[in-house]
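The block underneath contains the structure these notes are about, expressed in structure tokens.
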Amino acid sequence: MQHIITILVAILVFGLIIGIHEFGHFIVAKLHKIRVNKFAIGMGPRLLHFQKGETEYSLRLFPIGGFCSMEGEDESSDCPNSFEKKPVWRRMTVVLAGAFMNIVLGFLLIAILICTGTKVPTTIIGGFAETTDAQTGEIISASESERSGLEIGDKIIAIDGSHIFSTTDLIYKLQTTETDSFTVTVKRDGQRVTLEDVTFHNDNTDGLLDFSVQGQPKNAITVISYAARDTVATAKLIWMSLVELISGKYGLQDLSGPVGTVGVIEQAASTGETVMERVQSVMNLTIFITVNVGVFNLLPIPGLDGSRFVFLLVEAIRRKPIAKEREAMVHLIGMAALFLLMILVTVQDVSRFLG
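Structure (structure tokens):
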């Protein structure tokens with residue numbers, strides 16, 4: 000039963016992320032009066048389909064992708080409402096709309112998660128870990144960062160020169176940096192203060208998180224503001240991970256495909272003692288995946304939206320499009336490489352599962 004629930008949740012998560020991405024392309028294309036021939040969620044054989052106006056809508060067997068097929072997108076067309084007949088700036092907005100909608104979805108889910116709590120998080124230190132002295136019974140600090148100079152009320156704005164937008168990149172920075180001490184910049188009494196050689200250690204847990212943060216009242220402004228900052232923090236986290244992957248810090252063995260993601264979703268769906276906590280866990284994972292999809296699609300890798308945008312940018316600069324045959328070949332090679340990578344990662348995921 001648990002596996003069935005996991006599969007259903009995974010299909011829901013993948014469907015939502017893929018659907019919102021393709022809907023972004025679709026709705027902006029429609030706003031620009033571009034003819035959309037097919038709109039599909041999923042890949043492979045059609046499970047359901049219907050025709051409405053000029054567009055065929057379909058739900059397909061494998062929830063690992065989707066497409067929004069526009070007239071004149073990959074081939075020449077005489078239709079006045081074809082993709083290629085529209086001004087280049089309009090085509091740019093269509094290409095970028097999918098990734099934009101993924102990031103918007105992440106923002107909305109973050110806002111919803113914040114609304115389920117009583118306070119809106121901040122990066123302001125609200126307290127430090129404490130313990131009881133075994134000999135005197137006195138309450139003493141159990142926080143190394145307090146002993147290093149941090150104070151209650153300090154707003155952490157940067158660690159080792161990396162700007163801190165929310166608790167997301169604050170925790171990520173502390174848990175992934177391989178040094179024992181940090182340079183921490185805080186706002187204290189309205190002034191920027193830089194503290195050198197700050198170490199974090201909770202004497203009670205042996206963990207790095209030795210402080211708590213303040214919450215602020217929940218209203219439209221604080222929710223929207225924090226959701227926007229946390230979306231930026233999540234995107235930055237993903238970008239940093241990509242840079243670390245390219246630099247060699249992470250390898251192919253650290254990647255996961257759809258099969259591995261289902262396993263992570265199963266863990267998320269079982270994390271927490273109440274249904275609400277499990278839903279929040281799945282939502283947090285969905286936020287990470289959808290922002291990941293948005294950021295990754297903006298990369299200028301052949302076959303992705305970022306590459307298509309680069310071709311349109313070149314066209315805008317030289318006032319002449321690159322031959323469709325050449326562009327199609329570049330995208331074909333890129334998609335073939337991405338599919339090969341997906342196959343390798345999926346085989347690796349299956350091996351882990353069977354192992």
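Heads up, the sequence shown is in numbering that gives the first Met the number 0, so the first residue is 0 and it goes up one at a time. Virtual Cβ for every residue (Gly too), placed ideally from N, Cα, C.
For Ala98, the three-state DSSP class (helix, strand or coil):
Here Ala98 carries a helix assignment [DSSP, helix/strand/coil].
Just checking my contact of Met69 with Phe82 at CB under 8 Å: how many whole Å lie between their CB atoms?
Contact between Met69 and Phe82 holds: their C-beta atoms lie close to 4 Å from each other, under 8 Å.
Would Ala227 and Phe338 be called neighbours here (beta carbons separated by less than 8 Å)?
No, the pair does not count as a contact, with Cβ atoms beyond the cut-off.
Could you give the distance in angstroms between the alpha-carbon of Trp88 and the alpha-carbon of Asn36?
One Cα belongs to Trp88, the other to Asn36, and the distance between them is close to 21 Å.
Could you tell me which residues DSSP puts in a beta bridge with Ile123?
Partner(s): Lys154.
Check whether the Cβ atoms of Ala110 and Val27 lie closer than 8 Å to each other.
No.
For Glu177, count neighbouring Cβ atoms within 10 angstroms of its own Cβ and tell me buried if that reaches 16, exposed if not.
Classification of Glu177: exposed, given that the 10 Å Cβ count is below 16.
So, does the stretch 137 to 149 touch the stretch 192 to 208, judging by three or more C-beta pairs under 8 Å?
Remark: three or more beta-carbon pairs, one from each stretch, lie closer than 8 Å, so the stretch 137 to 149 and the stretch 192 to 208 are flagged as touching.
Alpha-carbon to alpha-carbon, Ala39 and Ala315:
Their backbone Cα atoms lie some 30 Å apart in a straight line.
Would you list the one or two residues that DSSP bridges to Arg191?
Its beta-bridge partners are Lys186.
Could you check what DSSP says for Ile286 in three-state terms: helix, strand or coil?
The answer is helix: DSSP assigns Ile286 an H, G or I state.
Report the partner residues of Ile201 according to the DSSP bridge assignment.
One detail in the question is off: residue 201 reads as Asn in this sequence, not Ile. Beta-bridge pairing links Asn201 to Ser142.
Cβ neighbour criterion (16 or more within 10 Å) applied to Glu385
Coverage of the chain is limited to positions 0 through 354, which leaves residue 385 absent and any answer about it impossible.
Neighbour-count burial assignment, His24, 16 or more Cβ in a 10 Å radius
Result: buried.
Span of the alpha helix (DSSP H) holding Gly214?
Counting along the chain, Gly214 falls outside any alpha helix (DSSP H), though it belongs to the beta strand (DSSP E) covering 210 to 215.
Exposed or buried, Ser211, counting other C-beta atoms within 10 Å across all chains shown (16 or more means buried)?
It is exposed - the Cβ of Ser211 has fewer than 16 other Cβ atoms within 10 Å.
Between which residues of its own chain and Leu102 is the CB-CB distance below 8 Å, once the five residues before and five after are set aside?
The question names Leu, but residue 102 in the sequence shown is Ile. Excluding sequence neighbours, Ile102 sits near Thr230, Ala234, Thr289, Val290, Gly293, Val294.
Nearest-angstrom beta carbon gap, Ile151 and Gly126 [assumed within contact, 8 Å]:
Indeed, because the Cβ distance is near 6 Å, the residues count as touching under 8 Å.
Among Asn203, Gly305, Ser161, the one whose alpha carbon lies nearest that of Asp132
Checking every option, the nearest Cα to that of Asp132 belongs to Asn203.
Which residues mark the beginning and the end of the alpha helix (DSSP H) in which Thr167 is found?
Run containing Thr167: 166 to 175, per the alpha helix (DSSP H) assignment.
Euclidean distance between Cα positions of Glu21 and Gly65
Rounded to whole angstroms, Glu21 to Gly65 spans 7 Å at the Cα level.
If you draw a straight line from the alpha carbon of Arg59 to that of Ser240, how long is it in whole angstroms?
Computed Cα separation, rounded: 32 Å.
Identify which residue in Ile163, Met282, Ser224, Pro86 has its Cα closest to the Cα of Arg318.
The shortest C-alpha to C-alpha distance from Arg318 to any of Ile163, Met282, Ser224, Pro86 is the one to Pro86.
Does the distance from the C-beta atom of His200 to that of Glu143 stay below 8 Å?
Yes. Within cutoff.
What would DSSP say about His31, mapped onto helix, strand or coil?
Three-state DSSP puts His31 in coil, outside helix and strand.
Where the alpha helix (DSSP H) through Arg317 begins and ends:
Looking at the DSSP string, the run of the alpha helix (DSSP H) that includes Arg317 is 304 to 317.
In angstroms, rounded to a whole number, what distance separates the CA positions of Lys32 and Pro299?
Note on geometry: alpha-carbon atoms of Lys32 and Pro299 lie some 27 Å from one another.
Pull up the CB-CB distance for Leu108 and Ile286, whole angstroms please, since I reckon it's below 8 Å.
Taking a contact as a CB-CB distance under 8 Å, the pair Leu108 and Ile286 counts as one, their CB atoms being some 5 Å apart.
With which residues is Gln279 paired in a DSSP beta bridge?
Its beta-bridge partners do not exist; DSSP assigns none.
For Glu55, write down the residues that DSSP places opposite it in a beta bridge.
In the DSSP assignment, Glu55 forms a beta bridge with Lys37, Gln50.
Can Lys118 and Gln215 be called in contact, C-beta distance under 8 Å?
Against a cut-off of 8 Å, the Cβ pair of Gln215 and Lys118 comes out as a contact.
Kindly give me the distance between the Cβ atoms of Ala232 and Phe164, rounded to whole angstroms, as I take these residues to be in contact under 8 Å.
Your pair Ala232 and Phe164 checks out as a contact, with CB atoms roughly 4 Å apart and the cut at 8 Å.
Rounded to whole angstroms, what's the CA-CA distance from Leu30 to Ser75? Just pull it up for me.
Answer to the nearest angstrom: the Cα atoms are 21 Å apart.
Taking the C-alpha atoms as reference points, what is the distance between Pro120 and Gln213?
C-alpha separation (whole angstroms): 7 Å.
Nearest to Lys172 by alpha carbon, out of Ile332, Thr184, Lys217, Ile158?
Comparing Cα-Cα distances from Lys172 to each of Ile332, Thr184, Lys217, Ile158, the minimum goes to Ile158.
Give me the residue from Val183, Ile16, Ala327 with the minimum Cα distance to Gly302.
Gly302 has its Cα closest to that of Ala327, out of Val183, Ile16, Ala327.
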